[in-house]
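S.K.:
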Amino acid sequence: MKVLITGAAGLLGSEFVRAYHARGDVVVACDRARLDVTDAERVGDLMREETPDVVLHCAAYTAVDRAERDGERAFSVNEDGTRNVADAAASIGARFVYFSTDYVFDGQTDEPYTPDSLPNPLSVYGRSKVAGEGATQASGADWLIVRTGWLFGRGGSNFVSTVLRRAREGLPTRVVDDQRGRPTWATNLAEHTIELLDLGTLGIVHVANSGTATWFELAEAALRIQKLKLDVTPVSTQVWGAAAERPRYSVLDIAASEARLGRVMAPWYDALSTFLSKVDL
């Protein structure tokens, strides 16, 4: 099988590159230098040149706070770029996978969001990702939308690596303690997505590690596992004062994906422990 991966140098894209190489599949790894997804002509040319069986669209604008003042760029990448890649995939009959986010929801609930839950994003970033979902669905490709969130792993900047770096530098840190989600290891997300594709899954799915945490609880867990000391102060979202509004509760319901896979997904704490045992952050 031949797989084309956009955003191949990023946190998630690099996991897919490793996973598909390990399987012996042909991988067309496209970082930003090789493929600007906002260039529709280049996207179409590359897709026709490579003719992949599956396209994994990992390229995205993910700077949540910056998007509040840079909305045009966020939509250019997350909506227009997604449309370019999805339409090009459809034109050659390739399956198309789009990665979306828990930030498409408003968090005004205490029940996990199912794949059928109605998006109502609070931020420009969230709205741009919903727009990308729409572009995917309108493409005519055989599509799979994978919603996830709170990613950690190697190959890119993320919350866990930032907390551990600050601990080693002895920097006092404030961490939000009133937002709750599912911390997710990028390796597990890639593995589960590949399995779902192998099963022929289409539509919208939620993929994340099991269990929930606040950002403060995730920070404490990472420090405890690494046996590091850090002056961490829990603060409210209001006190933190980020530019972009975030959902208070963005827990994704993963039951349907677990049923499809035939097993429960690993708890986030176990995934975090395994990850930190394998890498040197």
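Numbering follows the numbering used here, with no gaps: position 257 of the sequence shown is 301.
Where is the CB? At the ideal position from N, CA and C, for every residue including glycine.
Since we're looking at a predicted model, the values are computed, not measured.
#1: Jot down the residue ranges of each uninterrupted beta strand (DSSP E) in the region 63–147, minimum 3 residues, whole runs only, in chain order.
#2: Would you report the Cα separation of Ser254 and Tyr147, rounded to the nearest angstrom?
#3: Whose CA, out of Gly125, Gln223, Ala263, lies closest to the CA of Val283?
#4: Closest to Gly54 by C-alpha separation, out of Phe143, Asn128, Asp154, would be which residue?
#5: In angstroms with no decimal places, state the Cα-to-Cα distance between Ser172 and Val81.
#6: Between which two residues does the beta strand (DSSP E) containing Leu262 stretch?
#7: Is there a Cβ of chain B sitting closer than 7 Å to that of Val148, yes or no?
#8: Using DSSP bridges, identify the partner residues of Trp187.
#9: If you draw a straight line from the alpha carbon of Ala66 to that of Phe196, how long is it in whole angstroms?
#10: Helix, strand or coil, according to DSSP, for Gly151 in the structure here?
#11: Can you tell me which of Arg198, Ile298, Thr106, Glu116 puts its alpha carbon nearest to the alpha carbon of Leu320?
#12: Using DSSP with H/G/I as helix, E/B as strand and the rest coil, what is Lys273?
#13: Count the other CB atoms, across all protein chains shown, that sit within 10 Å of the CB of Asp275; report buried if there are 16 or more and exposed otherwise.
#14: Could you check if Gly68 is buried or exposed, using at least 16 other CB atoms within 10 Å of its CB as the buried criterion?
#15: From Pro156 to Thr145, what distance separates their C-alpha atoms?
#16: Roughly how many angstroms lie between the CA atoms of Ala133 and Glu264, to the nearest whole one?
#17: Quick one: is Gly184 buried, meaning 16 or more other Cβ sit within 10 Å of its Cβ, or exposed?
#18: Could you check what DSSP says for Ser172 in three-state terms: helix, strand or coil?
#19: Have a look at Val129, Ala104, Ala130 and flag the residue whose alpha-carbon is nearest the alpha-carbon of Val121.
#20: Measuring CA to CA, which of Cys102, Gly225, Leu241, Ile298 is closest to Ala130?
#21: So Val207 is in the alpha helix (DSSP H); what residue range does that whole segment cover?
#22: Let me check understanding here. Comparing Cα to Cα, which of Leu188, Val108, Pro163, Gln181 lies closest to His236?
M.R.: Reading off the structure:
#1: 70–74, 98–101, 139–145
#2: 18 Å
#3: Gln223
#4: Phe143
#5: 15 Å
#6: First-last for Leu262: 259–270, but that is the alpha helix (DSSP H), not the beta strand (DSSP E).
#7: Annotation note: the requested chain B is absent from the structure, which comprises a single protein chain.
#8: Phe140
#9: 21 Å
#10: coil
#11: Arg198
#12: coil
#13: exposed
#14: exposed
#15: 14 Å
#16: 42 Å
#17: exposed
#18: helix
#19: Ala104
#20: Cys102
#21: 203–212
#22: Leu188
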